[in-house]
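Here's the structure we're looking at; comments come further down.
Number of protein chains: 4
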Amino acid sequence: MIIVMKAGAVKKDRDEVLKRIKELGYKPHVIHGTTRDVIGAVGDERGKLVLQTIESMHGVESVVPILQPYKLASKEVKKESSVIAVSDTVAIGGRQIVVMAGPCSVESERQIIESAIAVKAAGAHILRGGAFKPRTSPYSFQGLEEDGLKLLAKARTETGLPVVTEVVNPETADLVAEYADILQIGARNAQNFALLKKVGQLRKPILLKRGMSMTIQEFLMSAEYIMSEGNQAVILCERGIRTFETATRNTLDLSAIPVLKERTHLPVIADPSHGTGNYHYVAPMACAAVAAGADGLIIEVHPDPERASSDGPQSLKPKKFAVLMDQLRRIAPAMEREL
Amino acid sequence: MIIVMKAGAVKKDRDEVLKRIKELGYKPHVIHGTTRDVIGAVGDERGKLVLQTIESMHGVESVVPILQPYKLASKEVKKESSVIAVSDTVAIGGRQIVVMAGPCSVESERQIIESAIAVKAAGAHILRGGAFKPRTSPYSFQGLEEDGLKLLAKARTETGLPVVTEVVNPETADLVAEYADILQIGARNAQNFALLKKVGQLRKPILLKRGMSMTIQEFLMSAEYIMSEGNQAVILCERGIRTFETATRNTLDLSAIPVLKERTHLPVIADPSHGTGNYHYVAPMACAAVAAGADGLIIEVHPDPERASSDGPQSLKPKKFAVLMDQLRRIAPAMEREL
Amino acid sequence: MIIVMKAGAVKKDRDEVLKRIKELGYKPHVIHGTTRDVIGAVGDERGKLVLQTIESMHGVESVVPILQPYKLASKEVKKESSVIAVSDTVAIGGRQIVVMAGPCSVESERQIIESAIAVKAAGAHILRGGAFKPRTSPYSFQGLEEDGLKLLAKARTETGLPVVTEVVNPETADLVAEYADILQIGARNAQNFALLKKVGQLRKPILLKRGMSMTIQEFLMSAEYIMSEGNQAVILCERGIRTFETATRNTLDLSAIPVLKERTHLPVIADPSHGTGNYHYVAPMACAAVAAGADGLIIEVHPDPERASSDGPQSLKPKKFAVLMDQLRRIAPAMEREL
Amino acid sequence: MIIVMKAGAVKKDRDEVLKRIKELGYKPHVIHGTTRDVIGAVGDERGKLVLQTIESMHGVESVVPILQPYKLASKEVKKESSVIAVSDTVAIGGRQIVVMAGPCSVESERQIIESAIAVKAAGAHILRGGAFKPRTSPYSFQGLEEDGLKLLAKARTETGLPVVTEVVNPETADLVAEYADILQIGARNAQNFALLKKVGQLRKPILLKRGMSMTIQEFLMSAEYIMSEGNQAVILCERGIRTFETATRNTLDLSAIPVLKERTHLPVIADPSHGTGNYHYVAPMACAAVAAGADGLIIEVHPDPERASSDGPQSLKPKKFAVLMDQLRRIAPAMEREL
C-alpha cells in the first residue's frame, strides 16, 4: 500500500504514520519527493484493510492500495483456467462455449417443457428458468417457488438438460440446491453477503451475476466470499451495468470479459438478454460476447413472449434463438472455440 | 400506459395490440398521429405490469408507463407527511431535524459507550452502530454480531438514546429487532426482496438506504415492499449513488430529497458520511442536506478514527461533530425547522 | 407528444393546456384515465421543441416526446444503408469492414511513414494520425499542427492509404480539409455545435465520435447538425462512454452498434483503443465490435508505444496489430462481411 | 509517480523501467514488496505526462500518478482564496454570496428588460441571458446572436446589473467580450480546448461550467487551460453531472463544492436550474448549494416560462425567485456569509 502525504505535512505527521504502519505489522519505506513524501507499506495487505484507516491520520492525503484484495479468485494464485463440471457432459470454462437458455420464469408445465425441448433442439446445453423471482415491484409475479423447481426437474428428466435457477434467500438455498444443477445469484443480490456465504457452503456450481453498479474488483470480491467458504465452483456472469444510456435497459460491459480473463481463472459468461432488455439486440450482443472471449451465454427464450409473466420484451422466440445458434456456430471456430 | 406503434406498423399490427389490451382488462384509445399511431390503455396499470409485454408485439415501438408503480408510499394516496415515532421523545418527519450518530461498527463496550456519551452531549437524538457488518471483503471485520447488539442496548441504557443498527439476513432479523429501536437496511441490500419482506412483517421502524445504483422510483418500490407486508414505518435515506466521479466515495444526490418530498409522505434523511467517504466533506454536506429539506441525518462519529475497524476515513471525531451540531442549530431555523 | 396531467389537475388546468396546444399548431386529443388525464398533441413535433414548455404549466406532470427529434439521420426517412465513399477504392458502410489504423499523434516523418507502411502491410484501409490534439492538460503535447498534416499527406503519397485526422476548431477546419480524406470530430467536441456546423459546410466525410456522456439520441442529433448544413457523409464512431468502472479507461458500449443500426442509415464503426485505454483489451473488443455489426474499426498502432507522445498504453505494436487483422479476417465471413 | 510491476515481472523488466525513468529525467526508487516491486519516480511529473507511457512496458501492471496535474489552479500554489472583481460593486469569492439570474435566452427587448428589473428588485447582483445558444437540436432556437448581446447591454444600462452570457465559438469570442462582463463557457464546451485557449487570452472573467461527465480533476484542468494563457479570473460552476437517475435532468453534485474548495483558490458557484431541470427543485437545491459552501448561484428566471424559447420547465417566475432570495438571506448568515 502506498501512503501519499500532503504537501504541507510535517515531520511529526510522517513519524506518526511510520509508527502506525509498524504497529500494523508492515514495513514502511519512505520516498522523499520534490513536493511531498510517499510511503510504501510492505506486507500482505489483504485481510488487513485496516491499513486504510491511515487515511484519517493528520497530514495524509490518500492511501493507494497496490494488491488486488482477492486471493482465491486471482489468476496470480491459480494460473490455469478453471473448468467447472456441471454434469457428465457439460463443463464450463473449457474449449466449448456453453449456452444456457430458457424462459425468465417457470410459468407452467407446458411452458417449461416446451421451452426445454425447443432450446435443446437448437443446441443449448443447459436450461434456465426462474422459480423464485426477485421483482422490483411487490405486485409483480413472484414465481412458482417450489412448484417451479419441480417443473424444472421434470424438464430436466424429459430433455437431459441440466438446470440453472436463482436462489434469493439463505433460508431456501438448500431447497433450491436439491433441484438445481447450478444456483444463480442475481444482480440485485450480488452483494448480499449472507446469501453468498450460504451458497459458499453448498457443493453445487454458482452462477454469480455482476451487480448493476459493481466494479470488476467488487465482482471478484463477491466471488471470493463464496470461495472463502469452500465452494470454488463459481461462474461469473456479465449482465450489464447501469449507466446514463436509456436506449438499452443496461449497458452490457463486454470489456469486462477480457479484464476478468486477465485477473481470474474463473469462467466468464454473458447475459445479452438482461444486458440489453430488448430482443432486437440479443443476437448481435451474443455474437459480440463470444468474440470478446466469453466461455458461455445465458439467453432468455420464451415460446410466447407477448404472454410471458416477466421479461417478455427481451425474450427470443425459439425460431430466432435457433438462427442465433447457427450464427454462433460460425463464429466459435474463428475464436478457436466450439459450440 | 401509452403504446407507441412503429411508423411502418400496419392495421393488422394495431388490431392485434387493441385485442391484447382488451384481453388484459384495459380500455384502448387510439390517437392517429402524422407518422404513426399511439394507443392509450386506460386502467390501473399497477400490479399488472404484464401490460409491458405488449412491447414484444409486432409493430410496437415502445410502451410508456404513465402511473408511478407504487401506491402505499405515494403522496397521491396519503397527502400528509408521515411522522414516525421512535421512542417517547424522538419522532422523525416532524418539525425537528433528527440526528443519528455513532461509530460505523460496535467494536468494544468502551468504544460504544464513549461514543454514545459524546454524541448525546453534542445533541444527537439516536445512536448508530453496526453489529452485523456487510463488508465488500470476506477478510474484513464482520462485526460483533449478537454481542454487538448487547453493547448497543447497554449504551441505550446508559444514555437514553434509542439505537439504530443494520440487519443483513432474514434469519437474524428477529434477533436484531429484539435489541434495536430502528432496523437499518443497507444500500447493498436495498433490493434484497427476501429481507425487505421479512422486515415488513416486523413492528419496528425501518431505515431504508438507497441502493448505489437505484433510481428514485426503484427506491420507492423497495419501500413499497416493506409497506405491502404491513409495516408503514419506513424512513428513507439518501446515502450517495455511484457515478464516474472518484473524488468522493459516492455522489450524494441531494436533489433526491426534494424529489422524494414531492412523491412520498415518508420521511427522508441523508447520510453524508457514506455519501462522501471523507470526513472533510461531511460537515458541508450535512448542512446542505438540511438546507435541501432533509428530516434528519445519520453521521459516523468515532472517538479514534485512525483505529476504527471500519470506515475510519469518513468518521468525525466527537469534537468536530459538536462543531457541526452547532452549525446545524444555526441553519435549522432558516429552514423553519429545529434541531 | 403526450402530456400527462397531474392526478389533482382541475378542468381549468386542462383547458389551458388544450388552448396552448392549439396555439402551437397541434391537434389535441384527450384520454380520460382512471386517476388522471393524458393529452396527445398530434403534429410534427420536430423543430418545435417549444411544445416541451407546456411542462411548466399548472397541473402538468410531465411531457413525453413520441418522435425521435432527428430527421435526416433517421432510418424512417432513408431506409437503405448509406455507403460513404472515401477514395476510389475505399467505401464505408458496405459489405467490407474498413479498418483505420495508425498512431494517436503524428510525431515525426519517420514515425508516421513507418506506421503507415506497417498498417498497410497488415491490411488496414485508412491511416489515422492526429495533427491537432485535444489534450486534457495544457502541458501535454498538443500536436504538430500543419506540419503534421503535411506528414500525413506524405504518408498517403507513399502508401496510397487515405488519411483521417481530427479537426478541433472551426478556424482551422478548412486547412485540415485540404489535407485529410476524412475529418474526425473528437468525443470532447461532439456537442461543439459551432464546429459541427462548420464541418457540415465542407464536402469531405466526417467521422463523428460519440461524446463520453452522450446518449445515442444526442449522438444522432449531433450527426443531424452536420447533415442539416448539407453534408450527408457522416460516419458514427462508438468510442466508449464514461461509467463508474475504472478497470477500463471508458466503457465501450457495443450495444450502441445494433441500436444505431436500427435507428439510422449511417455507417457505424468502433474505437476499441479509446474504448478500453489498454492495449491488452483492444484485440478482443475489436473482434466483439465486428461481431456486434460494426462497419469498421479505428485502432491505434504505434511502432514504439513506450515512447509515444500520447496514448502509448492503448497502442498496439505493428506485430500485434497484424495478428488481430488475421483474427478479424476469420470473424468477418461468419458475419457475412469481408475484410 | 508510482509504477506497479506485475507479480511475474523479472529483473530484466524492472531494469528496463528503471532505465526509462532515468531517461525521462526522474529519479527511480524501488520498493521490494512481498509479491511484486513498486517503483517511485521522483520529479515534477506535471507537463511530462509521457511518463505514463511506461504503462505499456513489459512487466508493468499500472502507473499511479501522485501529483495533481494542475498548477495555477491549485491551492498548493496559491493558498488564499481568489476574489474576482466583476464591476465596481460586485466581486465573486468574498464574503458576499453573488446571485446571477435571468432568462435562459434573450428573446426580446421587453423580455430581457422585464427580467432584469425583476431579478434586480429581488436582490440579484448579475443578469444572465443567452445570445448564442448551444442547442442539442439544429432545429431549436439558436439565439438572437449579436442582437441579443445588444439587448443585454441595454438591460445593463437600465438596471446597472453586470451581465454574464455564453460564448460558443473562438470566432465570436471577441464580439461577446465587447458586450459581456463575464463570459460563460457552457458544459458542452468545457473541453473545447480551442475555445478555452481563446478566452484565456481575453481580459474578462470567465464562468466555466463543469462538463456533464467531467471529473473534478478534469474540471480543474480546463480552468488551467484558461489560466495558462494568462487569464486568472476563472469562476467554476457546478451544474450537474450525468448519472443513471432520470428524475432530474442532471445530478447536481454539491459535494464538488467542498472538494473544489479544498483543492483550488478559485471561486465556486452552483447552477440549480440546469442541475435539476425542474423549477420545483431549484429553491431547495439553491439553499443546499449555499449551505455546502458555494460562493454564488446562477438561476434561470423568466417572466413567462410557458412561452420561453428554451428551458421553460426549469425557470422560476420572478415571484418565486423573490421568495427564494428571502430564504437565502436567512441561510447566508448561518454560513457566516451575506447575500
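Protein chains in written order, with UniProt numbering: chain A, 1 to 339; chain B, 1 to 339; chain C, 1 to 339; chain D, 1 to 339. Glycine included, each C-beta is placed from N, C-alpha and C at the ideal position. Quantities reported herein were computed from a predicted structural model and do not represent experimental measurements.
Under the three-state DSSP convention, the category residue i falls into
i                      : result
residue 342 of chain A : The displayed coordinates of chain A run from 1 to 339. Any statement about residue 342 of chain A would go beyond what the structure contains.
B/Val83                : coil
B/Arg239               : coil
A/Ser140               : coil
B/Ala288               : helix
D/Ser222               : helix
D/His280               : helix
D/Met57                : coil
B/Leu252               : coil
A/Ala124               : coil
Reference residue i, options the options, closest by Cα
i                      : options                                   : result
C/Met212               : C/Val83, C/Ile331 and C/Leu252            : C/Leu252
residue 347 of chain B : B/Gln217, B/Ile21, B/Ile299 and B/Lys75   : Since the first residue of chain B shown is 1 and the last is 339, residue 347 of chain B is not available in this structure.
B/Glu224               : B/Asp304, B/His265, B/Gly186 and B/Ala256 : B/His265
A/Arg135               : B/Val30, B/Phe219, B/Val86 and B/Arg110   : B/Phe219
C/Asn189               : C/Leu339, C/Val168, C/Leu72 and C/Met285  : C/Val168
B/Glu146               : B/Ala121, B/Thr172, B/Val164 and B/Gly123 : B/Thr172
A/Val306               : B/Glu16, B/Ile2 and B/Asp181              : Strictly speaking, residue 306 of chain A in this sequence is Glu, with Val absent from that position. With distances taken between Cα atoms, A/Glu306 lies closest to B/Glu16.
C/Ser315               : C/Pro103, C/Gly94 and C/Arg263            : C/Pro103
A/Leu152               : A/Ser62, A/Gly312 and A/Arg110            : A/Arg110
D/Lys11                : D/His125, D/Leu195, D/Thr246 and D/Arg36  : D/Arg36
B/Gly296               : B/Thr248, B/Glu238 and B/Val323           : B/Glu238
D/Glu23                : D/Phe244, D/Ala41 and D/Gly33             : D/Ala41
Contact check, residue i vs residue j, beta carbons under 8 Å
i                      : j        : result
D/Ala116               : D/Thr159 : yes
residue 340 of chain D : D/Ile226 : A query on residue 340 of chain D cannot be resolved here, the shown segment of chain D reaching from 1 to 339 and no further.
D/Gly59                : D/Lys133 : no
D/Asp326               : D/Ile298 : no
C/Ala73                : C/Pro318 : no
A/Pro205               : A/Ala233 : yes
A/Val301               : A/Ala131 : no
C/Val106               : C/Gly129 : yes
C/Pro170               : C/Leu202 : no
CB contact below 8 Å: residue i versus chain C
i        : result
D/Thr53  : yes
D/Asn192 : yes
A/Ile331 : yes
Below-8 Å beta-carbon distance, residue i vs any chain B residue
i        : result
A/Ser56  : yes
A/Gln327 : no
C/Ala286 : no
D/Arg239 : no
Any chain D beta carbon closer than 8 Å to residue i
i        : result
A/Val38  : yes
C/Arg14  : no
C/Asn231 : no
CB contact check: residue i to chain A, cutoff 8 Å
i        : result
B/Ser105 : no
B/Leu149 : no
D/Ile2   : yes
Q: With 7 Å as the limit, tell me which residues of the region 156-170 of chain D have their beta carbon closer than that to any beta carbon of chain B; keep them in chain order.
A: Those would be none; no residue qualifies.
Q: Pull out every residue of the region 114-137 of chain D whose Cβ sits closer than 8 Å to any Cβ of chain C, in chain order.
A: Cβ contacts with chain C come from Pro134, Arg135, Thr136 and Ser137.
**Q.** Proximal residues, the region 290-320 of chain C versus chain A, C-beta separation under 8 Å
**A.** Along the region 290-320 of chain C, the positions whose C-beta sits under 8 Å from a C-beta of chain A are Val290, Ala291, Ala292 and Gly293, read in chain order.
Q. Given a limit of 7 Å on CB to CB distance, which residues of the region 205-223 of chain C reach chain D?
A. Here the close residues are Met212, Ser213, Glu218 and Met221.
Q. For the region 258-280 of chain D, which residues have a CB atom closer than 7 Å to at least one CB atom of chain C, in sequence order?
A. Answer in chain order: Tyr279.
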